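Okay, so here's the structure we're looking at.
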Amino acid sequence: MRPEKLDAAAIAEHLHKMEGWVLAEDGASIWKAFRFKNFAEAFSFMTQCALAAEKLDHHPEWFNVYNKVDVTLSTHDANGLTELDFKLAAKMDHAAAGRMPDHLK
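The sequence shown: position 98 = 734 (the working numbering), numbered continuously.
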């Protein structure tokens, strides 16, 4: 089943509850820069997020250099943002804070 694209009001409501996520100018994606102490922490974060993404069957666009991981989320099937993007964003925030529960991995 194809995910449903969120309207501007729903996107704004989700973003209001989240810290550090930025809406792209075209409104079709959200972006966040994660920073860690070192590469090992960044890679651990990415590993946890990869497991969460597989469970959701929703995968991020991301870029990693040493301790930096820049993430862009969008649902290509919907040509914009869906609930899946915000679910994965929340899981990423939990992983970055070191508190990803086992059931979210």
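Ideal Cβ positions, reconstructed from N, Cα and C, are used throughout, including at glycine.
In this text, all values refer to a predicted model and were calculated from it rather than measured experimentally.
The beta carbon of Glu697 sits closer than 6 Å to the beta carbons of Thr708 from its chain, once the five residues preceding and following it are set aside; these are given in chain order. Note: Leu651 is not bridge-paired with any residue in the DSSP secondary-structure output.
Where Leu692 is concerned, the enclosing alpha helix (DSSP H) starts and stops at Phe675 to Leu692. The three-state secondary structure of Phe670, taken from DSSP, is strand. DSSP places Leu720 in the helix class (H, G or I) of the three-state scheme.
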